[in-house]
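All remarks here apply to the structure that follows.
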Amino acid sequence: MDKWIFNHSGGKDGPAALIVGADRAAAAGMLHRVVVQYNDLGDMVWPGTRDADADLVAEGFEPWLVDRFGDRPGCREIAEAHARHFGLRFEVRSRAGGDLLDEVERRGMFPDARRRWCTSGFKREPGQKLLTEVTRELALDRPAQILQVFGYRAEESKSRANRPPCAVNTAASNKTRRHVTDWYPVHHWTVEQVWAEIRASGLPWAWPYDAGMSRLSCSMCVLGSKRDLLTAIRLRPGLARRYAAVEARTGHRFQQNRPMAALMAEAGVPVRVLRDQRGWVIRPGDTVRGPSNARECRVVGVDVDAGLVFTDRYAGRGVPAMPTLPGDLLVVAG
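If you read the sequence shown in numbering that gives the first Met the number 0, its first letter stands for residue 0, the second for the next number, and so on.
Next up, the structure:
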C-alpha cells in the first residue's frame, strides 16, 4: 500500500484499530506511510473536562468533572495523542461552513437512521478531501493504492455486521488516480476485547466513558440510546439547550419518539421555553393572536435564545416571519 489512512474520532474503537493496524504496518516496514485522520465536528464532540466544567458554570451548575475524572483531554486531543504515541502524521479535516445544528436549521430537520446526511456531510466528505490531497502528494505515474482503516465492529449494528472486514471502496476509487480499500481490523471484536486492548496498551481514553457513556460520536447523536442521551445532557446541558432551541425553531424533533426538550426534562435539566400571557408554551405551528388584536396568525418559528416568536401575521404584505414578543401573544390552538 502507498498510504494507510486511519480514521480516529477519539472514541474507543478507533484506537483499537490503530493499535492492530500500526503493528501490521510496522511489521511490513510501512509505518512511515501511515496517516491518522480526525474529522473535527466542532462543538458537537466531547471537549476536555476543564472546558466542560466551564460550560457547566455558564449554565448555572457547579463544576465537578475535573474533580471526579481529572484534567482530561477532549476527543481531538485524544486522537492526536494516539498518533503521537506511534510517531504518526496527524491530520485534521472539517466541513466548511457552520456546524451540525446550523445545517439542521438550514434543512429544517434533524438527520435520522434513513437520512444520515450528518455522516456523509461532516465525516465522509472531509475524508474524501484528504484522499485527494494524499493522492496528489504521492504524485505516482499509476493509481495510488490507499488503505482506509476504520474501527467499525459487527457488534455495533446490523449494518456494520453485514460489511465485509476488507473490501474495495468503489465510491472513493477511480480508474486513473487511486484505488481505495477499506479495512476494519477489529470488526469481529467484542467491546470487552476493545477495552482490554486499550488498557494493555497504556493509551489514554476519552473521559465520557468513565462518566457513563457507552459510545462516543457527537455528544448527542440522533442515533444514541436513551441512556447515553440522558448522560450526555447532564454532562453538557448547554449543548442540550442548543439542540432544544433548534428543535423549537424548526418544529422538527431531535428523535421521532424522543424530543430533546422531553429528554432534558427527564434528565433534570431545566428547559428554556417561551410562554404566552397565560403561561402556555408557544411552539411552531400554534395559532396565536395578540391580546388587543383578534386577528389570528400562525407561529412559523421560535427563537428561544433571542426570546422572540415569529408569526405569519404580515405574510400577505411580503413579511413571511414577523418577530413578536411572547408576552404579547395568546395561544388559541396548538
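Positions of the beta carbon are idealized from the N, C-alpha and C atoms, including for glycine. Every value quoted in this text rests on a predicted model; they were computed, and no experiment measured them.
Option nearest residue i by Cα separation, candidates the options
i	options	result
ASP304	LEU273, PRO62, ALA320	LEU273
TYR208	ALA260, LEU234, HIS186, PRO184	LEU234
ILE199	ILE18, PHE5, MET0, HIS7	First, the residue type needs correcting, since residue 199 is Ala and not Ile in the sequence shown. When only C-alpha atoms are compared, the closest one is ILE18.
GLY96	GLU76, LEU328, GLY41	GLY41
ARG113	VAL301, GLN254, ASP275, PHE68	GLN254
CYS74	PRO62, HIS7, PRO142, MET29	HIS7
PRO164	ALA138, ALA153, LEU307	ALA153
GLU76	TYR151, GLY107, VAL44, ARG240	VAL44
SER172	ASP101, LYS128, LEU262	LYS128
LEU329	ARG277, GLY315, TRP3	ARG277
PRO184	ALA24, ASP1, PHE68	ALA24
TRP204	ILE4, GLY10, ALA16	GLY10
GLY126	ASP39, GLY107, ASP98, ASP22	ASP39
GLU265	LYS225, PHE60, THR134	LYS225
ASN256	ARG115, ASP52, GLY223	GLY223
GLU191	GLU155, ARG159, ASN161, ARG177	GLU155
Residue i (DSSP reduced to helix, strand or coil)
i	result
VAL298	strand
GLU104	helix
ILE4	strand
GLN276	coil
VAL33	strand
HIS187	coil
HIS84	helix
CYS217	coil
ILE77	helix
TRP182	strand
ARG177	strand
PHE309	strand
ALA21	helix
LEU99	helix
ARG288	strand
ARG94	coil
PHE89	strand
GLY332	Residue 332 is actually Ala in this sequence, not Gly. The answer is strand: DSSP assigns ALA332 an E or B state.
VAL303	coil
Supposed contact pair residue j and residue i - C-beta distance, whole angstroms, cut 8 Å
i	j	result
PRO319	VAL268	With 8 Å as the limit, PRO319 and VAL268 do not qualify as a contact, their Cβ atoms being about 33 Å apart.
PRO325	PHE309	11 Å between Cβ atoms; not a contact.
ARG282	ALA243	In fact, because the Cβ distance is near 12 Å, the residues do not count as touching under 8 Å.
SER218	ALA231	5 Å
LEU229	HIS81	Not really, about 29 Å apart at Cβ, beyond 8 Å.
ALA332	ASP285	7 Å
VAL221	PRO46	Not really, about 20 Å apart at Cβ, beyond 8 Å.
PRO14	ILE197	6 Å
ASP374	ARG49	In this structure the chain extends from 0 to 333, so residue 374 is not present and cannot be described.
ALA239	MET212	Not really, about 14 Å apart at Cβ, beyond 8 Å.
ARG92	GLN36	7 Å
Local Cβ density within 10 Å of residue i, reported as buried at 16 or more and exposed below that
i	result
GLY86	exposed
ASN312	One detail in the question is off: residue 312 reads as Arg in this sequence, not Asn. It is buried - the Cβ of ARG312 has at least 16 other Cβ atoms within 10 Å.
VAL167	exposed
GLN147	buried
ARG316	exposed
THR169	exposed
ALA57	exposed
SER216	buried
ASP66	exposed
ASP101	exposed
THR118	exposed
THR131	exposed
ARG105	exposed
ALA16	buried
LYS122	buried
Closer than 8 Å to chain B by CB, residue i
i	result
ARG248	Although the question refers to chain B, the structure presented lacks it and comprises just one protein chain.
So within the stretch 236-260, which uninterrupted alpha helix (DSSP H) runs reach at least 4 residues, ignoring any that extend past its ends? 236-249
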